[in-house]
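K.L.:
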Amino acid sequence: MQLDAIMAPTADTPERRAFYDKIDKKNLTALWLSLAELVTPEPKSACAPASWRFNDIREYMLEAGNLITAKEAERRVLVLENPGLRGQSKITTDMYAGVQLVLPGEVAPAHRHTQSALRFVLEGQGAYTAVNGERTVMHEGDFIITPPWAWHDHGNPSSDPIFWLDGLDIPVVQFLDASFAEHLDVDEQPILRPEGDCQARYGANLLPVDHKTGGGTSPVFNYPYARTREVLEKMRRSGQWDPCHGLKMRYVNPITGNHAMATMATFIQLLPKGFSTSAYRSTDATVVVPIEGRGRSVVTNRAGEDFVIEWTKRDIFVVPSWHRVRHEAGGGRRAVFLFRQANPGSSAPVPGGPRQCLRAKTNS
Ligand SMILES: [Fe+2]
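Numbering of the sequence shown is given in numbering that gives the first Met the number 0, commencing with residue 0 and proceeding in unit increments.
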């Protein structure tokens, strides 16, 4: 009640208007005019539900491939702009996403920047990403990390084009006015360690004896889909399904147990064929990428309007903060596997918490 009282609009009078005009000249403004927009009773995001068909993106990307090389573009990427945030290079309020294409024989040259980046491979295999002196070969469904200020380049010695989702924390770094970037004087960085070195050191329940814990990014920079999928396939045998999530796992930094990246959370989710989730809402604005299977999701905004998104493998869609969402896995032969890129979420002490499974309401 007290909060509602704070949100009540104030009356406009000639004396008040004259006062506002006077203080405006001194770069001052009255809080009581904007408080209701600044401190909202619930999250009120300009980010809108949205979806993109991979087949459309693929066609445009190949067209872009005829217009510009990966080297000239530096990164040949089509940015996924949220329709509620056009012109800002944002897919959600705090995340950037795009789809990158590297054609056979091309190299996207080495650079580094303060923004963290993730790659989720959509189509193709045999290309590589090099991070800080180690290469990893990319396969469909692999989740690959580029930590902040890590040298990285991408090359495609295979005979097929490769497409992946790029997810970056560009809006967060922009918000903090902390963007730095530089280029290496060669396209491909020197390789200092054999492939799989970081996986062996940090991804096998072992650590180098003198390893010091530190840093917000996982030292494992490739989470191969083959391993992730095997984990989910083993776990599904228990038949234990969360009503809102089915089977959902976090990608973690194996040293700290925190998210694999400090500024973006990532998840992999399995829904058995025909499974319908209960409604769920959270402040974790999310980009969802089905990597196997097909289905549909219903996203409901604060006004109660439903956005129905039909999706199949490699499509990309957005669930904004505090929007209810239900997922329905198709009834085909395959289970559904969903990759999710989200903000790391808040732990706000609101009633019910910032993540709510709305099972009772859905069934009523
Ligand atoms: Fe980069």
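For each residue, glycine too, the CB sits at the ideal point set by N, CA and C.
Small disclaimer: the values here were computed from a predicted structure and weren't measured.
1) Going by C-alpha distance, which of Ala334, Ile315, Phe306, Arg333 is nearest Val324?
2) Within a Cβ cutoff of 6 Å, which residues of the same chain sit near Gln413, ignoring the five residues on either side of it in sequence?
3) Give the secondary structure of Phe220 by DSSP, where H, G and I count as helix, E and B as strand, and everything else as coil.
4) Spell out the partners DSSP gives Tyr127 in its beta bridges.
5) Under three-state DSSP, which class holds Ala149?
6) Report all residues for which the CB-ligand distance to some heavy atom of ligand 1 is below 6 Å; order them along the chain.
7) Do Ile190 and Arg134 have their C-beta atoms within less than 7 Å of each other?
8) Look at the alpha carbon of Asp11 and the alpha carbon of Thr28, and state the distance between them as a whole number of angstroms.
9) For the alpha helix (DSSP H) that contains Ile169, what are its first and last residues?
10) Note down the Cα distance separating Glu291 from Pro48, rounded to an integer number of angstroms.
11) Can you name the start and end residues of the alpha helix (DSSP H) that Ala199 belongs to?
12) Here's a check: name, in chain order, each residue in its chain whose Cβ is nearer than 6 Å to the Cβ of Leu337, leaving out the five neighbours to either side.
13) Measuring CA to CA, which of Thr285, Arg235, Lys21 is closest to Ile90?
14) Counting only the same chain and skipping the five closest in sequence on each side, list residues whose C-beta sits under 7 Å from that of Gly97.
15) Buried or exposed: which applies to Val349, given that a residue is buried once 16 or more other Cβ atoms fall within 10 Å of its Cβ?
16) Excluding five sequence neighbours on each side, which residues of the same chain lie with their C-beta closer than 6 Å to the C-beta of Lys247?
17) According to DSSP, is Lys247 part of a helix, a strand, or is it coil?
18) Using DSSP's beta-bridge definition, name the partner residues of Asp305.
19) Throw me the rounded Cβ distance for the Trp163 and Gln99 pair, which I believe falls under 8 Å.
20) From the DSSP output, which residues share a beta bridge with Tyr59?
21) May I have the straight-line CA-CA distance separating Glu73 from Ala107, to the nearest angstrom?
22) What is the DSSP secondary structure of Phe18, reduced to helix, strand or coil?
23) Taking just the CA atoms, how far does Trp321 sit from Gly303?
24) So Ala35 is in the beta strand (DSSP E); what residue range does that whole segment cover?
25) Whole angstroms are fine: how far does the CA of Thr311 sit from the CA of Gln87?
26) Under three-state DSSP, which class holds Arg313?
27) Would the beta-carbon of Arg200 fall within 7 Å of that of Gly132?
28) Could you check where the alpha helix (DSSP H) with Glu71 kicks off and where it finishes?
29) Can you grab the Cα-Cα spacing for the pair Pro223 / Glu139, in whole Å?
30) Taking 6 Å as the limit between beta carbons, can you name the residues of its chain near His371, skipping five residues before and five after?
31) According to DSSP, is Phe119 part of a helix, a strand, or is it coil?
32) Does the distance from the CB of Asp93 to the CB of Val171 come in under 7 Å?
33) State the DSSP-derived secondary structure class of Leu191, mapped to helix, strand or coil.
34) Under 6 Å: does the beta carbon of Leu100 sit that close to some heavy atom of ligand 3?
35) If you follow the beta strand (DSSP E) that Phe338 is part of, which residue opens it and which one closes it?
36) Could you tell me which residues DSSP pairs with Pro319 in its beta bridges?
P.N.:
Put simply:
1) Within the sequence shown, the letter at position 325 stands for residue 324. When each option's Cα is compared against that of Val324, the closest is Phe306.
2) Past the boundaries of the shown model lies residue 413; the chain is included only from 0 to 363, so the question cannot be answered.
3) On the sequence shown, position 221 is the one that residue 220 refers to. Phe220 falls in the coil class under three-state DSSP.
4) Stepping through the sequence shown from its first residue, residue 127 is reached at position 128. Answer is Val136, Gly154.
5) Residue numbering aside, residue 149 sits at position 150 when the sequence shown is read from its first letter. Residue state, collapsed to three classes: coil.
6) His110, His112, Ala116, His151
7) Looking up residue 190 in the sequence shown gives position 191. Looking up residue 134 in the sequence shown gives position 135. Yes. Within cutoff.
8) One-based indexing of the sequence shown puts residue 11 at position 12. One-based indexing of the sequence shown puts residue 28 at position 29. Cα-Cα distance, rounded: 15 Å.
9) Your numbering for residue 169 matches position 170 in the sequence shown. Note, Ile169: alpha helix (DSSP H), 169 to 174.
10) Locating residue 291 in the sequence shown gives position 292, where the first residue counts as 1. Locating residue 48 in the sequence shown gives position 49, where the first residue counts as 1. Approximately 21 Å between the Cα atoms of the pair.
11) Counted from its first residue, the sequence shown places residue 199 at position 200. Per DSSP, Ala199 belongs to the alpha helix (DSSP H) from 196 to 201.
12) Within the sequence shown, numbered from 1, the residue matching residue 337 stands at position 338. Correct list, in chain order: Gln268, Val287, Pro289.
13) Here residue 90 refers to the residue found at position 91 of the sequence shown. For the residues Thr285, Arg235, Lys21, the minimum Cα distance to Ile90 belongs to Thr285.
14) Here the question's residue 97 lines up with position 98 in the sequence shown. Only Val76, Leu77, Val78, Leu79, Asp165 meet the Cβ criterion.
15) The count along the sequence shown starts at 1 and reaches residue 349 at position 350. Counting of Cβ neighbours within 10 angstroms places Val349 among the exposed residues, the total staying below 16.
16) Residue numbering aside, residue 247 sits at position 248 when the sequence shown is read from its first letter. Once the five neighbours on either side are set aside, the close Cβ partners of Lys247 are Phe266, Gln268.
17) One-based indexing of the sequence shown puts residue 247 at position 248. In this structure, DSSP gives Lys247 an extended state, which the three-state scheme calls strand.
18) For this step, residue 305 is matched to residue 306 along the sequence shown. Asp305 is bridged to Thr299.
19) Here residue 163 refers to the residue found at position 164 of the sequence shown. Here residue 99 refers to the residue found at position 100 of the sequence shown. With a Cβ gap of about 6 Å, Trp163 and Gln99 count as contacting.
20) Mapped onto the sequence shown, residue 59 falls at position 60. Note: Tyr59 sits in no beta bridge, so no partner.
21) Counted from its first residue, the sequence shown places residue 73 at position 74. Counted from its first residue, the sequence shown places residue 107 at position 108. Cα to Cα, Glu73 sits roughly 6 Å from Ala107.
22) The sequence position of residue 18 within the sequence shown is 19, counting from 1. DSSP places Phe18 in helix when its eight states are reduced to three.
23) Numbered from 1 along the sequence shown, position 304 holds the residue referred to as residue 303. Numbered from 1 along the sequence shown, position 322 holds the residue referred to as residue 321. Those two C-alpha atoms are separated by around 12 Å.
24) For this step, residue 35 is matched to residue 36 along the sequence shown. Not the beta strand (DSSP E): Ala35 falls in the alpha helix (DSSP H), residues 30 to 37.
25) For this step, residue 87 is matched to residue 88 along the sequence shown. For this step, residue 311 is matched to residue 312 along the sequence shown. Each residue's alpha carbon lies about 27 Å from the other.
26) Position 314 of the sequence shown, counting from 1, holds the residue named residue 313. Coil, per DSSP.
27) The residue given as residue 200 occupies position 201 in the sequence shown. The residue given as residue 132 occupies position 133 in the sequence shown. Going by C-beta atoms, Arg200 is not nearer than 7 Å to Gly132.
28) To locate residue 71, count along the sequence shown from 1; it is residue 72. Start and end: 69 to 72.
29) For the purposes of this step, residue 223 is taken as the residue at position 224 of the sequence shown. For the purposes of this step, residue 139 is taken as the residue at position 140 of the sequence shown. Near 9 Å, if we compare the C-alpha coordinates of Glu139 and Pro223.
30) This structure cannot settle anything about residue 371, because the visible part of the chain is limited to 0 through 363.
31) Sequence index remark: in the sequence shown, residue 119 carries index 120 (1-based). In this structure, Phe119 counts as strand in the three-state DSSP scheme.
32) On the sequence shown, position 94 is the one that residue 93 refers to. On the sequence shown, position 172 is the one that residue 171 refers to. Yes, they are a contact pair.
33) Along the sequence shown, one-based indexing puts residue 191 at 192. Of the three classes helix, strand and coil, the one that applies to Leu191 here is coil, per DSSP.
34) By its list of ligands, the structure shown excludes ligand 3, since it contains just ligand 1.
35) In the sequence shown, counting from the first residue as 1, residue 338 sits at position 339. 335 to 341 is the extent of the beta strand (DSSP E) around Phe338.
36) Locating residue 319 in the sequence shown gives position 320, where the first residue counts as 1. Note: Pro319 sits in no beta bridge, so no partner.
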